[in-house]
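To start, the structure under review is shown below, and the notes come after it.
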Amino acid sequence: MPGLVPCPSNNREARPVSSPMTIKRIRASDETWAFTSDMYARVNAGLVVTREGGILIDTLLFPVETRQLVNYTNRMCEACIKYVINTQAAMDHSLGSFLFPDAELLAHRETRRYLASSGARNLRNAKKNSPELNDAKVRLPRVVFDDSLVLRLDSKSVHVIHAPGPVNDTCMVYVPEEKVLFASDLMMHIPLITHQRCDIETYKQSLRRMHDFNLEVIVQGHGEILLRGEVTSSIDKAINYLNDVDQMVDEVLASSGKVEDAFANGPEKFGISTLPMNGLITSFHRQNVHHLWKRKDPRLQRKRAARTG
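In terms of the numbering used here, the sequence shown is residues 26 to 334.
Below, the structure is given as structure tokens:
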């Protein structure tokens with residue numbers, strides 16, 4: 026989720042492309058692209074183009090936008106899309122996969138399990154409030170992996186790497202020839218830690234792994250892409266935020282403060298701009314604080330214990 030000042034790097038800078046499409050297209054490198062939703066939380070999909078076909082990293086939530094993605098990829102990839110990668114089970118990353126029926130769909134084993142067990146139910150519930158989803162269908166990945174997987178097309182090797190944290194099935198996709206990382210929700214303008222399958226320590230470990238890659242561009246799960254001059258500092262900022270917001274909640278609790286006192290420490294206090302993501306940053310930060318407070322407040326812990334005792 027997410028301005029960033031473009032930082033040219035050997036003519037590999039991100040280049041906005043004008044288009045009547047409602048989704049935003051950004052050229053991340055010579056042969057990789059990012060597509061940003063205009064309808065839902067600035068979520069991103071990615072594309073790796075080769076002469077032997079394309080590899081699509083995630084889709085978009087609403088079919089009307091994913092169909093634009095289909096039309097564009099059909100023009101861009103003469104050999105069509107060969108693979109679609111779901112970087113996690115969340116619908117804003119996986120739902121549009123049904124619109125690429127001829128492509129091999131792959132994901133982490135846990136992603137397939139979540140889609141199989143709860144994907145249809147979650148979609149039914151979403152359709153009640155979003156008629157734009159009425160023709161959407163859940164498609165299950167056929168190819169699954171546990172730790173990592175490498176796809177090779179033409180001269181490109183695409184490394185799909187399990188990187189849990191925001192949820193335990195999150196994966197990142199590294200294209201070494203392009204020095205591009207598609208980071209899924211592991212990288213956003215502010216980490217979001219509210220999912221029941223989020224583990225903060227694992228999240229920080231996965232973020233640190235990004236320093237091992239030779240990167241010029243990171244395509245975040247949501248929001249603006251990060252260019253070479255921003256990559257390292259943005260990874261470190263995410264790790265620092267996770268440490269600092271956790272410490273802040275501990276300090277407010279130790280001083281017998283209330284959750285409102287914790288909310289008073291806005292995202293700016295942690296070096297996070299509230300401008301990206303159409304104003305969602307403040308909301309995400311408050312959700313993070315509230316989640317940590319509920320988990321740490323001993324009074325709430327005692328109430329939970331009494332209910333289950």
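Using N, Cα and C, we set each Cβ at its ideal position, and we do this for glycine too.
Paired residues, beta bridge with residue i - DSSP
i, result
"Glu129", "Tyr108"
"Ile243", "Leu206, Leu251"
"Cys196", "His187"
Alpha-carbon spacing of residue i relative to residue j, whole angstroms
i, j, result
"Gly223", "Gln245", "Here residue 223 is Cys; the residue named in the question, Gly, does not match the sequence. Going by the C-alpha atoms only, they are around 18 Å apart."
"Ser44", "Tyr97", "Caution is warranted here: a pLDDT of 43 is assigned to Ser44, below 50, making its placement in the model unreliable, and the coordinate value is therefore given only provisionally. One C-alpha to the other measures close to 11 Å."
"Thr333", "Pro323", "15 Å"
"Ser34", "Glu255", "Confidence is the limiting factor: at Ser34 the pLDDT is only 31, short of 50, which leaves the residue's position unreliable, though a coordinate-based value still follows. Roughly 12 Å between the two C-alpha positions."
"Arg405", "Tyr139", "Beyond the ends of the chain as shown, which are 26 and 334, falls residue 405; an answer cannot be given."
"Cys105", "Ser62", "22 Å"
"Phe87", "Asn154", "13 Å"
"Val185", "Val74", "16 Å"
"Ala53", "Asp127", "26 Å"
"Asp83", "Glu157", "19 Å"
"Val109", "Ser281", "50 Å"
"Glu276", "Lys283", "11 Å"
"Ser119", "Asn111", "5 Å"
"Thr195", "Glu203", "22 Å"
"Met101", "Val95", "10 Å"
"Asp269", "Asn150", "36 Å"
"Ala287", "Val274", "6 Å"
"Gly291", "Leu278", "17 Å"
"Ala330", "Pro201", "49 Å"
"Leu131", "Asn159", "24 Å"
"Ser308", "Lys107", "38 Å"
Beta carbon of residue i nearer than 9 Å to that of residue j
i, j, result
"Ala59", "Ile306", "no"
"Pro191", "Leu211", "yes"
"Lys152", "Phe123", "no"
"Pro379", "Arg137", "Residue 379 lies beyond the range of the chain shown here (26 to 334); nothing can be said about it."
"Ile215", "Ile297", "yes"
"Ile243", "Ser259", "yes"
"Arg67", "Met302", "yes"
"Ile80", "Lys229", "no"
"Leu240", "Val198", "no"
"Gly71", "Ala114", "no"
"Gln93", "Thr57", "no"
Environment of residue i [buried if 16+ CB atoms lie within 10 Å]
i, result
"Ala141", "exposed"
"His133", "buried"
"Asp171", "exposed"
"Arg37", "For Arg37, the pLDDT reaches just 31, beneath the cut-off of 50, and the residue's location in the model is therefore unreliable, leaving the point undetermined."
"Glu90", "buried"
"Arg320", "exposed"
"Asp338", "Since the first residue of the chain shown is 26 and the last is 334, residue 338 is not available in this structure."
"Arg164", "buried"
"Lys328", "exposed"
"Gly248", "buried"
"Ala208", "buried"
Any non-hydrogen atom of the ligand NAP closer than 8 Å to residue i Cβ
i, result
"Gly291", "Ligands in the displayed structure: none, and consequently the ligand NAP is not present."
Length-filtered (3 minimum) beta strand (DSSP E) runs lying within the segment 44 to 81: 49 to 54, 57 to 61, 69 to 75
Secondary structure, beta strand (DSSP E): runs of 3+ residues fully inside the segment 142 to 182: 168 to 170, 173 to 178
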